Structure formats: C-alpha cells, structure tokens
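Just so you know, we're using our numbering here: the sequence shown kicks off at 117 and counts up by one.
Where a beta carbon is used, it is the ideal one built from N, C-alpha and C, also for glycine.
Please read all numbers here as calculations on a predicted model, not as lab measurements.
Working notes, structure below.
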Amino acid sequence: MLLPLVHPTRLARRSGFGIAIVVAAACGCGPGHRLDSGTLRDASSDTSAPRPHDGATDGGTDGGRDGGEPARGLPDVIHASGELPDLNPAPQVTEVNLVAREEAFEFTDGVFLDRMAYNGVLPGPMLHVWVGDEVLVHFKNELDQPTTVHWHGMRVPNDMDGSPHVQSPVEPGGTYDYHFTVPDAGTYWYHAHNKS
C-alpha cells in the first residue's frame with residue numbers, strides 16, 4: 117500500500133493527491149497487447165491507431181465504457197500451449213490525459229473536504245507501462261494555483277521532472293505535455309510538486 121506524503125498542515129487539501137505508476141519489466145501481458153481506457157486488450161487483430169487513455173480507471177477495468185474486461189495482472193508462467201510468454205514486448209506509446217482540480221470528497225459520514233485530485237478521483241489513476249515505452253501525458257491545471265506533476269523516483273529529463281527549479285510551474289488554466297521514455301522497472305508514484 118502506498119501512503120501519500122503530505123505536509124501536516126496541508127492534509128485536508130493534498131492527502132492522497134499522488135498515485136503509483138507501475139512499470140512492468142519482466143511480467144505483464146506480452147506482445148500484441150495495449151492499454152486502452154485502463155484495460156489491456158489483444159491488439160493483434162486491431163488495425164486502428166492507438167487511442168489516448170483518458171486516465172480514468174475503475175479497479176483495473178474500463179468501468180464499462182466500451183464493454184472491456186478487467187485488466188490482466190501477471191501472466192501465467194506457462195501458457196496452455198506450453199510456451200513461455202514474451203517477457204520483453206516491443207515498446208509502445210501510452211497517452212494519458214491528466215487534469216488536476218479541486219474536488220469535494222466525503223472524509224467520513226457526512227463530512228466533506230475539498231482536496232486536490234487527478235481526473236476527479238482519489239487516488240488518481242494508475243498508469244501501467246513497460247520499460248522502453250514512450251509516455252505522453254497531456255496535463256491540464258484546473259487548480260487556482262500553479263502546479264506540476266513530479267514522477268517520484270523515475271529518471272526522466274529535467275524539463276519533464278516537475279520539480280521546482282528544473283521545470284516551470286503550469287499556471288492555472290495552463291497545459292503541459294510530459295513526454296518521456298520509461299527507463300527502469302519499478303513502482304513509482306506521481307504527485308503535485310509546486311508550493312506543496
């Protein structure tokens with residue numbers, strides 16, 4: 117379980133703002149699959165262009181938006197055919213729309229707090245990508261203050277890092293495209309990183 121790192125005086129507004137980004141290196145769905153609206157799909161017969169991920173997920177499914185099935189977890193070690201799955205799939209492009217805004221959440225029965233969230237959910241959407249994948253995050257700031265997205269612990273170019281003094285903050289109403297290639301396997305989380 118990942119716990120949010122927050123400043124005690126900002127707990128009411130920022131608790132849970134960050135969420136994990138999962139990077140698979142030696143496990144996952146194998147070749148010919150892609151993440152589509154939060155669901156891994158067999159792409160071997162799909163000739164359409166990749167569609168952007170809207171960032172919304174629902175416990176590993178696509179929430180029924182397009183009849184998808186639950187996302188797959190770790191593969192069986194050996195397929196029914198007796199062959200091992202491909203543990204080094206070809207890199208793909210994962211596109212995500214990520215919006216930071218303030219939302220009212222029920223803290224306890226009948227007690228609501230205004231807190232920052234990504235795509236209207238706490239924690240924000242989980243992103244599943246593989247080492248070598250290109251990640252393109254279309255970020256929009258709908259908060260009343262400048263902010264960035266920091267990819268905590270992931271090695272990304274300085275102008276994609278979201279840390280103060282290496283990336284300019286995204287002003288209220290502004291947008292920024294984060295674009296990087298996933299360098300290492302691991303479990304990472306992302307969070308706001310300006311005046312926080």
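> By Cβ distance, which residues of its chain are closer than 6 Å to Thr291, with the 5 residues on each side in sequence left out?
Replying inline: Lys256
> Curious, which full-length beta strand (DSSP E) runs of at least 3 residues does the stretch 190-267 contain?
Replying inline: 209-224, 227-234, 243-246, 250-257
> Of the choices Asn274, Phe223, Val215, Leu203, whose alpha-carbon is the least far from that of Gly240?
Replying inline: Val215
> Can you list, in chain order, the residues of its chain whose CB lies under 8 Å from that of His266, leaving out five sequence neighbours each side?
Replying inline: Asp277, Gly278, Ser279, Tyr306, His307, Ala308, His309
>> Taking the alpha carbon of Val251 as the reference point, which residue from Pro299, Glu211, Met242 has its own alpha carbon closest?
In response: Glu211
>> Contact defined as beta carbons within less than 8 Å: I believe Asp249 pairs with Gln208. What is the distance between those atoms, to the nearest angstrom?
In response: 5 Å
> Cα separation between Asp260 and Pro288?
Replying inline: 6 Å
> How big is the Cα-Cα spacing for Pro285 and Glu258?
Replying inline: 13 Å
> Helix or strand or just coil, what does DSSP make of Asp293?
Replying inline: strand
> The beta strand (DSSP E) spanning Gly278 covers which residue range?
Replying inline: From DSSP, Gly278 is part of no beta strand (DSSP E); its letter is neither H nor E.
> Under a three-way DSSP split, which group does Val298 fall into?
Replying inline: coil
> Among Glu218, Thr264, Leu229, Asn204, which has the Cα closest to the Cα of Val245?
Replying inline: Asn204
> What three-state label does DSSP hand His307 in the structure shown?
Replying inline: strand
> If you run the structure through DSSP and keep just helix, strand and coil, what is Val286?
Replying inline: strand
> Just how far apart, CA to CA, sit Met270 and His281?
Replying inline: 17 Å
> CA-CA distance, Thr224 and Asp202?
Replying inline: 45 Å
> When you compare each of Leu243, Phe221, Val227, Gly226 to Ala233 by their alpha carbons, which one comes out closest?
Replying inline: Phe221
> Alpha carbon to alpha carbon, how far is Asp300 from Val247?
Replying inline: 6 Å
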